[in-house]
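Colleague:
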Amino acid sequence: MKKFLLLLLAIPVFAKAQQRPTNQNLFDTIPFIPDHTTDRLKIFAAQPVKKANVIFFGDSITEMGNWGSLTGDTTTVNRGIGGDITFGALKRLDDIIARQPNKLFILFGINDIGKDIPDAVIADNYFKIIKRVHAKSPQTHIYVQSTLPVNPTHANFPQHYDKGAHVSVVNNLLKAKAKELNFTWVNLAPLFTDKNGLLDNRYTLEGLHLNQDAYKVWVAYLKKMNYL
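For the sequence shown, the positions run -17 to -1, 1 to 211 when mature numbering (1 follows the signal peptide of the UniProt record, and there is no 0) is used.
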């Protein structure tokens, strides 16, 4: 009962944030950060800080990739955290900058969309990430990878479904700034989208996350384009 009451108290706060979101306060009004985030941050903090060649930075879709094995570069750093959003990315960006990567591959967005964070706010958070990396690690080449669609024929993640239009809007906002903000736009969506514009069942575990075949296709494409 106590947990239920706490949840009820949190809902109005979050609803207010949805009505009047700002880049400054929206992250702080989200009711909780999952334990998984804390656990991942502890792992990151325990690792020695040293220059990285390649970092993959994102949410669970990034976290679930065995990037060292996939790329053939065991020094590749995985900075994915399941459930993370662009506000969380901003809060942990110093860890990325401290490693001064040669290449940084970024992929966030679907969890923001699932929380109804406005498209323009998501894109603006991306732009802040990009600008901070350019300012603090100017040699880093940034690759912004498109937010992937989901497949609502599965029943696992209803909060992410029926929001396909937002995925397209966020991607278009990001793509439009590639030249101005000096990053490479990587359009992953065509690799994993079926004829109906959904995440292809051949490449998904349950409508949101990718299977191992998808990661092989992903890295093969990055290599084909000479991004890796």
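For glycine and all other residues, C-beta sits at the position ideal for the given N, C-alpha and C.
Note that the structure is predicted; figures quoted are calculated from it, not measured.
Would you report the Cα separation of V169 and H149, rounded to the nearest angstrom?
Modeller: The straight-line gap from Cα to Cα measures roughly 18 Å.
Colleague: At which residues does the beta strand (DSSP E) containing N170 begin and terminate?
Modeller: From DSSP, N170 is part of no beta strand (DSSP E); its letter is neither H nor E.
Colleague: Does DSSP classify V202 as helix, strand or coil?
Modeller: It is helical.
Colleague: Provide the residue span of the alpha helix (DSSP H) that contains N91, from first to last.
Modeller: Note that residue 91 corresponds to Phe in the displayed sequence, not to Asn. From DSSP, F91 is part of no alpha helix (DSSP H); its letter is neither H nor E.
Colleague: Taking all protein chains shown into account, decide if Q195 is buried (16 or more other Cβ within 10 angstroms of its Cβ) or exposed.
Modeller: Label assigned to Q195: exposed.
Colleague: Closest to R75 by CA distance: which of N108, D145, N165 and E163 is it?
Modeller: Of N108, D145, N165 and E163, the residue nearest in Cα terms is N108.
Colleague: Quick test of your reading: V153 and L191, contact by CB under 8 Å. State the CB separation rounded to the nearest angstrom.
Modeller: With a Cβ gap of about 16 Å, V153 and L191 do not count as contacting.
Colleague: By Cβ distance below 7 Å, which residues in the same chain neighbour N94 in space, the five residues on each side in sequence not counted?
Modeller: Excluding positions up to five away in sequence, the list reads D42, G66, D67 and I68.
Colleague: Can you say whether D177 is buried or exposed, counting buried as having 16 or more other CB atoms within 10 angstroms of its CB?
Modeller: With fewer than 16 Cβ atoms within 10 Å of its Cβ, D177 is classed as exposed.
Colleague: Say whether the stretch 50 to 67 touches the stretch 98 to 108, bearing in mind that this needs 3 or more beta-carbon pairs closer than 8 Å, one atom from each stretch.
Modeller: With the cut-off at 8 Å, the stretch 50 to 67 and the stretch 98 to 108 do not touch.
Colleague: Between the Cα of F27 and the Cα atoms of I100, K111, D77 and G51, which residue gives the shortest distance?
Modeller: Comparing Cα positions, the closest option is D77.
Colleague: So for I128, helix, strand or coil by DSSP?
Modeller: Checking the displayed sequence, the identity of residue 128 turns out to be Gln instead of Ile. Q128 falls in the strand class under three-state DSSP.
Colleague: V202 and T54 - do their beta-carbons sit closer together than 8 Å?
Modeller: Their beta carbons are under 8 Å apart, which means T54 touches V202 by this criterion.
Colleague: Using the Cα positions of N36 and N209, report the straight-line distance between them to the nearest angstrom.
Modeller: Between N36 and N209, the C-alpha separation is close to 15 Å.
Colleague: If you follow the alpha helix (DSSP H) that N155 is in, where does it begin and where does it stop?
Modeller: Counting along the chain, the alpha helix (DSSP H) containing N155 begins and ends at G147 to K158.
Colleague: Can you name, in chain order, every residue of its own chain whose Cβ lies under 8 Å from the Cβ of P84, other than the five neighbours on each side?
Modeller: Only K34, A35, N36, V37, I38, V60, S120 and T123 meet the Cβ criterion.
Colleague: Using C-beta distances below 7 Å, list every residue in its chain close to residue 222, excluding the 5 sequence neighbours before and after it, in chain order.
Modeller: This structure gives no information on residue 222, because the portion of the chain shown stretches from -17 to 211.
Colleague: Just to confirm before moving on: does the CB-CB distance between L90 and T45 stay below 8 Å?
Modeller: In contact: L90 and T45 (Cβ atoms closer than 8 Å).
Colleague: Terminal residues of the continuous alpha helix (DSSP H) containing V133?
Modeller: From DSSP, V133 is part of no alpha helix (DSSP H); its letter is neither H nor E.
Colleague: Leaving out five residues on either side along the sequence, give the residues of the same chain with a beta carbon under 7 Å from the beta carbon of D22.
Modeller: None.
Colleague: Rounded to whole angstroms, how far is the Cβ of L87 from the Cβ of I125, which I believe are closer than 8 Å?
Modeller: The pair is a contact, with the Cβ atoms about 5 Å apart (cut-off 8 Å).
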